[in-house]
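Visitor:
Number of protein chains: 2
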Amino acid sequence: MMKITGFLATVPLFSGLTPAQYDELAMIATAQTVKKGQPIFAEGDQGNGFYVVGSGLVKIYKLSLEGKEQILHLFGPGEPFAEAAVFTGSSFPAHAMALEESRVFFFPRQAFIELIRQNPDLAMNMMAALSMRLKKFAHLIEDLSLKEVPGRLAAHLLFLSGQQGDADTVALPVSKTQLASLLGTIPETLSRMLAKLAKQGYIATSGPRITLLDRDGLSDLAGGEKRL
Amino acid sequence: MMKITGFLATVPLFSGLTPAQYDELAMIATAQTVKKGQPIFAEGDQGNGFYVVGSGLVKIYKLSLEGKEQILHLFGPGEPFAEAAVFTGSSFPAHAMALEESRVFFFPRQAFIELIRQNPDLAMNMMAALSMRLKKFAHLIEDLSLKEVPGRLAAHLLFLSGQQGDADTVALPVSKTQLASLLGTIPETLSRMLAKLAKQGYIATSGPRITLLDRDGLSDLAGGEKRL
DNA sequence: CGCTGCGTTGAGCTTCTTCAACGATCGTGG
DNA sequence: CCACGATCGTTGAAGAAGCTCAACGCAGCG
Numbered sequence: 001m002m003k004i005t006g007f008l009a010t011v012p013l014f015s016g017l018t019p020a021q022y023d024e025l026a027m028i029a030t031a032q033t034v035k036k037g038q039p040i041f042a043e044g045d046q047g048n049g050f051y052v053v054g055s056g057l058v059k060i061y062k063l064s065l066e067g068k069e070q071i072l073h074l075f076g077p078g079e080p081f082a083e084a085a086v087f088t089g090s091s092f093p094a095h096a097m098a099l100e101e102s103r104v105f106f107f108p109r110q111a112f113i114e115l116i117r118q119n120p121d122l123a124m125n126m127m128a129a130l131s132m133r134l135k136k137f138a139h140l141i142e143d144l145s146l147k148e149v150p151g152r153l154a155a156h157l158l159f160l161s162g163q164q165g166d167a168d169t170v171a172l173p174v175s176k177t178q179l180a181s182l183l184g185t186i187p188e189t190l191s192r193m194l195a196k197l198a199k200q201g202y203i204a205t206s207g208p209r210i211t212l213l214d215r216d217g218l219s220d221l222a223g224g225e226k227r228l
Numbered sequence: 229m230m231k232i233t234g235f236l237a238t239v240p241l242f243s244g245l246t247p248a249q250y251d252e253l254a255m256i257a258t259a260q261t262v263k264k265g266q267p268i269f270a271e272g273d274q275g276n277g278f279y280v281v282g283s284g285l286v287k288i289y290k291l292s293l294e295g296k297e298q299i300l301h302l303f304g305p306g307e308p309f310a311e312a313a314v315f316t317g318s319s320f321p322a323h324a325m326a327l328e329e330s331r332v333f334f335f336p337r338q339a340f341i342e343l344i345r346q347n348p349d350l351a352m353n354m355m356a357a358l359s360m361r362l363k364k365f366a367h368l369i370e371d372l373s374l375k376e377v378p379g380r381l382a383a384h385l386l387f388l389s390g391q392q393g394d395a396d397t398v399a400l401p402v403s404k405t406q407l408a409s410l411l412g413t414i415p416e417t418l419s420r421m422l423a424k425l426a427k428q429g430y431i432a433t434s435g436p437r438i439t440l441l442d443r444d445g446l447s448d449l450a451g452g453e454k455r456l
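Chains as they are written, first to last, in the numbering used here: chain X, 1 to 228; chain D, 229 to 456.
(1) Suppose you measure from the CA of Leu13(X) to the CA of Leu122(X); what does that come to, to the nearest Å?
(2) Cutting at 7 Å between CB atoms, please list the residues of its own chain near Thr238(D), excluding the five before and the five after it.
(3) Between which residues of its own chain and Gly272(D) is the CB-CB distance below 8 Å, once the five residues before and five after are set aside?
(4) Which term fits Thr258(D), buried or exposed, when burial requires 16 or more other beta carbons within 10 angstroms of its beta carbon?
(5) Look at the alpha carbon of Gly76(X) and the alpha carbon of Pro173(X), and state the distance between them as a whole number of angstroms.
(6) Tell me the start and end of each unbroken beta strand (DSSP E) in the region 141-206 of chain X that is at least 3 residues and wholly inside, in chain order.
(7) DSSP puts Lys59(X) in a beta bridge; with which residues?
(8) If we count Cβ pairs, one from each stretch, closer than 8 Å, do we get three or more for the region 145-165 of chain X versus the region 323-341 of chain D?
(9) For Val280(D), which of helix, strand or coil comes out of DSSP?
(10) Nearest-angstrom Cα distance between Leu385(D) and Arg437(D)?
(11) Comparing alpha-carbon positions, which option in Tyr289(D), Gly277(D), Glu342(D) lies nearest His323(D)?
(12) Can you say whether Met354(D) is buried or exposed, counting buried as having 16 or more other CB atoms within 10 angstroms of its CB?
(13) Whose C-alpha, out of Pro187(X), Met124(X), Gly217(X), Asp143(X), is nearest the C-alpha of Leu72(X)?
(14) In chain X, what lies closer than 7 Å to Gly373(D) by C-beta?
(15) Tell me whether the beta-carbon of Phe107(X) lies closer than 8 Å to the beta-carbon of Ile4(X).
(16) Evaluate the contact criterion for the region 355-366 of chain D versus the region 275-287 of chain D: three or more CB pairs, one atom per stretch, below 8 Å.
(17) Just how far apart, CA to CA, sit Val398(D) and Met193(X)?
(18) List the whole-angstrom C-beta distance separating Leu212(X) from Ile203(X), where the pair is believed to meet the contact cut-off of C-beta under 8 Å.
(19) Relative to the C-alpha of Gly275(D), which residue among Ala312(D), Gln249(D), Lys296(D) is closest?
(20) In its own chain, which residues sit with a C-beta less than 6 Å from the C-beta of Pro247(D), not counting the 5 before and 5 after it?
(21) Report, in whole angstroms, the separation of the C-beta atoms of Leu218(X) and Ala167(X), which I expect to be a contact under 8 Å.
(22) Do we get a CB-CB distance below 8 Å when we pair Lys363(D) with the residues of chain X?
(23) Using 10 angstroms around the beta-carbon of Ala408(D), count the other beta-carbons present and answer buried if the total reaches 16, otherwise exposed.
(24) Please list, in chain order, the residues of the region 87-108 of chain X that have any C-beta partner in chain D closer than 9 Å.
(25) Classify Gln32(X) as helix, strand or coil using the three-state DSSP reduction.
(26) Which residues in the same chain have their Cβ closer than 8 Å to the Cβ of Gly282(D), if we skip the five residues on either side of it in sequence?
(27) Can you tell me which of the three DSSP states Ser319(D) falls into?
(28) Quick one: is Gly162(X) near chain D, going by C-beta distance under 8 Å?
(29) Alpha carbon to alpha carbon, how far is Met229(D) from Gln346(D)?
(30) Leaving out the 5 sequence neighbours to the left and right, which residues in its chain are closer than 7 Å to Gln70(X) when beta-carbon positions are compared?
(31) Going by C-alpha to C-alpha distance, which of Leu327(D), Ile369(D), Gly277(D), Ala450(D) sits closest to Lys404(D)?
(32) Please state whether DSSP places Ser131(X) in a helix, a strand or coil.
(33) Assuming the contact rule is C-beta atoms closer than 8 Å, Leu25(X) and Leu115(X) should be a hit. Round their C-beta distance to whole Å, please.
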């Protein structure tokens, strides 16, 4: 229990709460460990609560009838997922699976709604979290609809670099197969595009580490993303 | 003013509020009329509040550098838009334009946040609204990434039929050019796909009215959407 | 009555996927 | 500790889907 409240204090969604409120959260939470490749829930399952990643890495994804996969989100420690199910009250609209051995905390719907009703700060945090999700989704839609694969790839590499302290060499946090699914393509195409970008001098690849050789060029490919 | 509070009572986002709260909302709201084709805001504009459609039709959309458009949402009377900007506090992530002469109400950020802090019901409504948006976006992403154009078109026709009382003949609420942009394609392709579906006996077209001749067939095309 | 935007159709082409084969890597069990 | 199998990543060749470019009919509106 001590450990849980300590962890909860590090979750942005729960920032600004009082110690008593953390205790309440800890009261309603249940923990579970999921092994690599193990599902957490399936599309269509009843959404009676939401989750927070304690450790590990979780993917949220859709599957087509033919088995093609589109990853909607990757979530790491401290990030909540499936919050929307709490408020729509309906079933999960996508699948969730652990990409590594992970620990996740589950917060049941009704108890959490009580908390949120009594804590305007928690409500504000939740609205901010949902709004950020919407923004990310809008970006993904833009990528899928308006950019070609090289553009999406370039944008993602720049994103990863930013996430990793603007390092020139980034480490892919997931396998290339998963990256392809995240970018809305397939491993073969991703492999070819990486080779192409390398041949054109934009990047150098070495397994799961990619060095950005021409950030401006990548930025152009990505559709003139705003420079920071 | 009387008129505004009366209208606000019909907005789902504001349901369950007291008359006094409607007055407060009416106090902070400002109305504006936008003509057909006129922008309401542009991507990157400072998002200092959100809007509710009073009458007319508004599109939220992204543009690529080459000018291709992807419509994210179409909003009619009673629907809020750009709420997310209230909580991220940053700039609008997309463009908004009136597709018909429209009346929209603007709610400034700070004043609205005050209201929402004091009204758990309003907060709950807002979280439900944001969650519904997320679900719609997840669906759009699924369509763009995992379905081909005929599938998206079939799904949309069934959606329109449902929206219009399960009528067998649906009226397109927007031009075919706009519909193409909504489906993530271009007018030429949409035109060909409509012709193809008609030739295959799924539908019959007559200008902006489309008759569904084989709902089961369309449902299969759409990827086996759940029947209602 | 002309003009402009919308919708349609055709031809060619780009992009991406599919299918297939193969090398490398990694975890596991013998 | 090595050998094996499964998965991952890469590459090639062929094909499908949708886009670009162009032309043209049509309707609505000034």
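Even glycine gets a Cβ: it sits at the ideal position worked out from N, Cα and C.
Guide: Based on what the coordinates show:
(1) 7 Å
(2) Gly306
(3) Ser319, Phe320
(4) exposed
(5) 10 Å
(6) 169-171, 203-206
(7) Leu74(X), Met97(X)
(8) no
(9) strand
(10) 11 Å
(11) Tyr289(D)
(12) buried
(13) Asp143(X)
(14) Contrary to the premise, residue 373(D) reads as Ser rather than Gly in this sequence. Chain X residues near Ser373(D): Gln70, Leu144, Gly184.
(15) no
(16) no
(17) 42 Å
(18) 6 Å
(19) Ala312(D)
(20) none
(21) No, Leu218(X) and Ala167(X) are not in contact; Cβ-Cβ is about 14 Å, not under 8 Å.
(22) yes
(23) buried
(24) Phe87, Thr88, Gly89, Ser90, Pro93, Ala94
(25) strand
(26) Phe235, Ala259, Pro305, Ser330, Arg331, Val332, Phe333
(27) strand
(28) no
(29) The predicted position of Met229(D) is uncertain, since its pLDDT is 48 and thus under 50; a value taken from the coordinates is nonetheless stated next. One C-alpha to the other measures close to 22 Å.
(30) Tyr61, Lys62, Ser181, Gly184
(31) Leu327(D)
(32) helix
(33) 7 Å
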